[in-house]
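Undergrad: Dropping the structure in here first, questions after.
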Amino acid sequence: MRDVAVVSFAQSHYVRSDTQHNEVEILMPVISEAIERSGVPCKEIGFTVSGSCDYLAGQPFAFVNALDAVGAWPPIRESHVEMDGAWALYEAWVRLQCGDIDSALVYAFGKSSLGDVRDVMTLQLDPYCVAPLWPDSISVAALQARALLDAGRCTERDMAEVATRSRRDARSNPAAQLSGAADVDALLREPYVVSPLRRHDCPPISDGAAAIVLAAGDLARRVSKRPSWITGIDHRIEPHALGVRDLTQSPSTRLAADRAGAGRAPVDVAELHAPFTHQELILRDAIGLGDDVRINPSGGALAANAIMVAGLARIGEAASRIIGGDADRVLAHATSGPCLQQNLVCVMEAR
Amino acid sequence: MVISTPIRLEYTFTAGEAQTRFLRGLAEGKLVGQRCPACRKVYVPPRGACPTCAVPTEEAVQVADRGTVTTFCIVNIPFPGQAIKPPFVAASVLLDGADIAIFHLLQEVDVADARMGMRVEAVWVPRDELKASMESVRYFRPTGEPDAPYDSYKEHL
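These protein sequences, in sequence, are chains H and A. For the first sequence, the tail end lands on 352 under the working numbering, and the numbers increase by one without skipping. For the second sequence, the tail end lands on 486 under the working numbering, and the numbers increase by one without skipping.
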């Protein structure tokens, strides 16, 4: 495999609802910052790929407009995935394995505020037997949390502790939308949104964007003092029908982590894309992360959850720990689909 | 068996800073674009970025409400919700001072006379009916000026 590294990461300040800027205006400064930090000249980027979802904007081909932010003339080699940007990064990584180009720009954007995101996400469910019942995204996640609680695998207190740790850590993340001190007992006195999930168990609704520049081999070594080398990346999917899955387990994460070589050596930091508190507990178990691993120092998706961006941001946040010299081996995870249906694991190391 | 499961989602559209200026301009009977600080091209409607140079565009530029037909089509087929009786002309109009054409209706012309290079002008709704919408321009119509030479718009096809 060809050596490929994350050499830069940038993201917007996530907000509940950015009524001033359209997607291009949110993206422009983020992409400029990522490219500038990478040291790779804009016009020398070999491949550009983005992740977003037209259902968020409610416009077909909304992603095409975003190309205004990347300077697509003269024509560039470009692609798009209707998925979280983490999967766009996977495509870029595969593309760089071809060997004819040395760099790629990956970006993701999502304005989750434009529609009722709980209903929008319903449309990713089986359109014949499930979606017509309109179970919203929080209700579907609550099914999973209930299964986990009933299996005796966690308590509501465990879940609240994930929320307090995330918010506390998010205080040092200037991009975070939700941060601060929170008391577990106080949180547990709050009413349920959808039992057994309380407000703190659910992600905020966020608008934002993120971008990463990947570079291969010598180019990465030339532009970065400490590239975040991708030593393993893999993604796996489970059946669409919720009824045929054991929602308390994440076999696809387990397999992806195994294929990405997560267990070959300890990791210092893991950035897990767990929009709901109980999902972090499932993921830690599936990957086999011990208590000594720092989980989501950025605050994770509980601190900012721009849909289609939050997974790519996990890779960017984890890579930043390597680039900044705070960690030597990190793991990033991204998820897509209801109840952790599809999962991607990316292991990165310093050299 | 046929099962009907209606889906309805409501969205709020964010015009953004650049398009907000454009829409507000329409409410005042003006067409306001933006100039790229790098290549100096003027985009109408503006999107806040130059798609060629990948830099933000900030300078507002008012362009003329007249221009040149760069290309057009004649709509002959009726479809549900059609506001105008076919046949009619839909044209790309390169406004004077702009570097990108806009789409609009061409009226007050026999469809057989529509042609590339034709000089046209905007017909606005009455002043008190102006609003922040492209509907403020009812349509374009020929000005009667001599056609623009092909070289003057060939870069904009």
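Yeah, the Cβ is synthetic: ideal placement off N, Cα and C, and Gly gets one too. Keep in mind that this is a model prediction, so the values were computed, not measured.
Since residue 16 of chain H contacts residue 207 of chain H with CB under 8 Å, what's their CB separation in whole angstroms?
TA: As a working note, residue 16 of chain H is residue 15 in the first sequence. As a working note, residue 207 of chain H is residue 206 in the first sequence. Confirmed, about 7 Å.
Undergrad: Would you tell me roughly how many angstroms separate the C-alpha atoms of residue 26 of chain H and residue 474 of chain A, rounded to the nearest one?
TA: Here residue 26 of chain H refers to the residue found at position 25 when the first sequence is read from its first residue. Here residue 474 of chain A refers to the residue found at position 145 when the second sequence is read from its first residue. Each residue's Cα considered, the two are about 39 Å apart.
Undergrad: Under 7 Å between beta-carbons, which chain H residues line up against residue 383 of chain A? List them in chain order, please.
TA: Here the question's residue 383 of chain A lines up with position 54 in the second sequence. 43, 70, 71 and 72, listed in chain order.
Undergrad: What does residue 160 of chain H touch in chain A if you count any residue whose Cβ is under 8 Å from its own?
TA: For the purposes of this step, residue 160 of chain H is identified with residue 159 of the first sequence, where counting begins at 1. The contacting residues do not exist; residue 160 of chain H stays about 30 Å from chain A at best.
Undergrad: Go ahead and label residue 405 of chain A buried or exposed: buried means 16 or more other beta carbons lie within 10 angstroms of its beta carbon, across all protein chains shown.
TA: On the second sequence, residue 405 of chain A is found 76 positions in, with the first residue counted as 1. Residue 405 of chain A comes out exposed.
Undergrad: What did DSSP end up calling residue 111 of chain H once you bin it into helix, strand or coil?
TA: Here residue 111 of chain H refers to the residue found at position 110 of the first sequence. Residue 111 of chain H falls in the strand class under three-state DSSP.
Undergrad: Could you tell me the distance, in whole angstroms, from the CA atom of residue 140 of chain H to the CA atom of residue 195 of chain H?
TA: Counting from one through the first sequence, the residue named residue 140 of chain H turns up at place 139. Counting from one through the first sequence, the residue named residue 195 of chain H turns up at place 194. Residue 140 of chain H and residue 195 of chain H: Cα-Cα distance of roughly 6 Å.
Undergrad: Are residue 236 of chain H and residue 342 of chain H close, meaning C-beta to C-beta below 8 Å?
TA: If you number the first sequence from 1, residue 236 of chain H lands on position 235. If you number the first sequence from 1, residue 342 of chain H lands on position 341. Result no, Cβ atoms of residue 236 of chain H and residue 342 of chain H do not sit closer than 8 Å.
Undergrad: Measuring alpha carbon to alpha carbon, tell me which residue in H:203, H:6 and H:176 is nearest residue 106 of chain H.
TA: As a working mapping, residue 106 of chain H is identified with position 105 in the first sequence. Closest option to residue 106 of chain H, Cα to Cα, is H:6.
Undergrad: Hey, quick one: how far does the alpha helix (DSSP H) through residue 121 of chain H stretch, first residue to last?
TA: Your numbering for residue 121 of chain H matches position 120 in the first sequence. Unbroken alpha helix (DSSP H) run through residue 121 of chain H: 118–121.
Undergrad: Run through DSSP, which three-state label would residue 303 of chain A get?
TA: Nothing about residue 303 of chain A can be read from this structure; chain A reaches only from 330 to 486.
Undergrad: Given that a residue counts as buried once 16 or more other Cβ atoms are within 10 Å of its Cβ, and exposed if not, what is residue 74 of chain H?
TA: Numbered from 1 along the first sequence, position 73 holds the residue referred to as residue 74 of chain H. Note on residue 74 of chain H: under 16 other CB atoms within 10 angstroms of its CB, so exposed under the neighbour-count rule.
Undergrad: Tell me where the beta strand (DSSP E) around residue 182 of chain H begins and ends.
TA: Within the first sequence, residue 182 of chain H is the residue found at index 181, counting from 1. Residue 182 of chain H -> no beta strand (DSSP E), and no H or E assigned at all.
Undergrad: Does the beta-carbon distance from residue 371 of chain A to residue 390 of chain A come in below 8 Å?
TA: Here residue 371 of chain A corresponds to residue number 42 of the second sequence, with the count starting at 1. Here residue 390 of chain A corresponds to residue number 61 of the second sequence, with the count starting at 1. Yes, Cβ-Cβ distance for residue 371 of chain A and residue 390 of chain A is below 8 Å.
Undergrad: Would you mind stating whether residue 275 of chain H and residue 304 of chain H have Cβ atoms separated by less than 8 Å?
TA: In the first sequence, counting from the first residue as 1, residue 275 of chain H sits at position 274. In the first sequence, counting from the first residue as 1, residue 304 of chain H sits at position 303. Contact: no.
Undergrad: Inspect the CB distances between the stretch 209–219 of chain H and the stretch 315–333 of chain H and report whether three or more fall short of 8 Å.
TA: yes
Undergrad: From the DSSP secondary-structure annotation, give me the bridge partner or partners of residue 463 of chain A.
TA: Translated into the one-based positions of the second sequence, residue 463 of chain A becomes position 134. DSSP, once it has assigned bridges, lists no residue as partnering residue 463 of chain A.
Undergrad: Can a CB atom of chain A be found closer than 8 Å to the CB of residue 262 of chain H?
TA: The residue given as residue 262 of chain H occupies position 261 in the first sequence. Using beta-carbon distances, residue 262 of chain H does not count as an interface residue toward chain A, since no partner is under 8 Å.
Undergrad: I'd like to check one pair, residue 346 of chain H with residue 257 of chain H: are the Cβ atoms closer than 8 Å?
TA: Translated into positions along the first sequence, residue 257 of chain H becomes position 256. Translated into positions along the first sequence, residue 346 of chain H becomes position 345. Yes, the pair counts as a contact, with Cβ atoms nearer than the cut-off.
Undergrad: Across the stretch 27–45 of chain H and the stretch 376–383 of chain A, are there enough close Cβ pairs to call them in contact, namely three or more that are closer than 8 Å?
TA: yes
Undergrad: Considering only residues of the stretch 190–229 of chain H, which uninterrupted alpha helix (DSSP H) runs meet the minimum length of 4 residues and lie entirely inside it, listed in chain order?
TA: 218–224
Undergrad: Look at the alpha carbon of residue 484 of chain A and the alpha carbon of residue 103 of chain H, and state the distance between them as a whole number of angstroms.
TA: Counting from 1 along the second sequence, the entry for residue 484 of chain A is found at position 155. Counting from 1 along the first sequence, the entry for residue 103 of chain H is found at position 102. One C-alpha to the other measures close to 33 Å.
Undergrad: Could you work out which residues of chain A lie near residue 50 of chain H, taking near to mean beta carbons separated by less than 9 Å?
TA: Taking the first sequence and counting its residues from 1, the one referred to as residue 50 of chain H is at position 49. What residue 50 of chain H touches in chain A: nothing, since even the nearest Cβ is about 16 Å away.
Undergrad: Cβ of residue 297 of chain H within 8 Å of Cβ of residue 204 of chain H?
TA: On the first sequence, position 296 is the one that residue 297 of chain H refers to. On the first sequence, position 203 is the one that residue 204 of chain H refers to. Cβ distance not < 8 Å, so residue 297 of chain H and residue 204 of chain H don't count as in contact.
Undergrad: What are the residues of the stretch 354–367 of chain A that lie near chain H, defined by any Cβ-Cβ distance shorter than 7 Å?
TA: Of all residues in the stretch 354–367 of chain A, none has a C-beta nearer than 7 Å to a C-beta of chain H.
Undergrad: Quick check on this structure: which residue in H:134, H:85 and H:239 has the alpha carbon closest to the alpha carbon of residue 335 of chain A?
TA: On the second sequence, position 6 is the one that residue 335 of chain A refers to. Ranking the options by Cα distance to residue 335 of chain A, first place goes to H:134.
Undergrad: Report yes or no: do three or more beta-carbon pairs, one from the stretch 406–419 of chain A and one from the stretch 455–462 of chain A, lie closer than 8 Å?
TA: no
Undergrad: Take the Cβ of residue 339 of chain H as the centre, count every other Cβ of all protein chains shown within 10 Å, and call the residue buried at 16 or more, exposed below.
TA: If you number the first sequence from 1, residue 339 of chain H lands on position 338. Result: buried.
Undergrad: Helix, strand or coil: which one does DSSP assign to residue 397 of chain A?
TA: Translated into positions along the second sequence, residue 397 of chain A becomes position 68. In the structure shown, the three-state DSSP call for residue 397 of chain A is strand.
Undergrad: Measure the Cβ-Cβ separation of residue 53 of chain H and residue 35 of chain H and say whether it is below 8 Å.
TA: Translated into positions along the first sequence, residue 53 of chain H becomes position 52. Translated into positions along the first sequence, residue 35 of chain H becomes position 34. No; because the gap between Cβ atoms is not below 8 Å, this pair is not in contact.
Undergrad: With three or more beta-carbon pairs closer than 8 Å as the criterion, would you say the stretch 393–407 of chain A touches the stretch 419–427 of chain A?
TA: Contact between the stretch 393–407 of chain A and the stretch 419–427 of chain A is present, because at least three Cβ pairs lie under 8 Å.
Undergrad: Are any of the Cβ atoms in chain H nearer than 8 Å to that of residue 338 of chain A?
TA: Position 9 of the second sequence, counted from the start, is the residue given in the question as residue 338 of chain A. Answer yes: the Cβ-Cβ gap between residue 338 of chain A and chain H drops below 8 Å somewhere.
Undergrad: Rounded to the nearest angstrom, what separates residue 453 of chain A and residue 467 of chain A at their Cα positions?
TA: Sequence index remark: in the second sequence, residue 453 of chain A carries index 124 (1-based). Sequence index remark: in the second sequence, residue 467 of chain A carries index 138 (1-based). Each residue's Cα considered, the two are about 6 Å apart.
Undergrad: Can you give me the Cβ contacts of residue 345 of chain A inside the same chain, cut-off strictly under 6 Å, excluding the 5 residues immediately before and after it?
TA: In the second sequence, residue 345 of chain A corresponds to position 16, counting from 1. 377.
Undergrad: Note down, in chain order, every chain H residue with its Cβ under 9 Å from the Cβ of residue 369 of chain A.
TA: Along the second sequence, one-based indexing puts residue 369 of chain A at 40. What residue 369 of chain A touches in chain H: nothing, since even the nearest Cβ is about 15 Å away.
Undergrad: Just how far apart, CA to CA, sit residue 368 of chain A and residue 200 of chain H?
TA: One-based indexing of the second sequence puts residue 368 of chain A at position 39. One-based indexing of the first sequence puts residue 200 of chain H at position 199. If you draw a straight line from the Cα of residue 368 of chain A to the Cα of residue 200 of chain H, it comes to about 49 Å.
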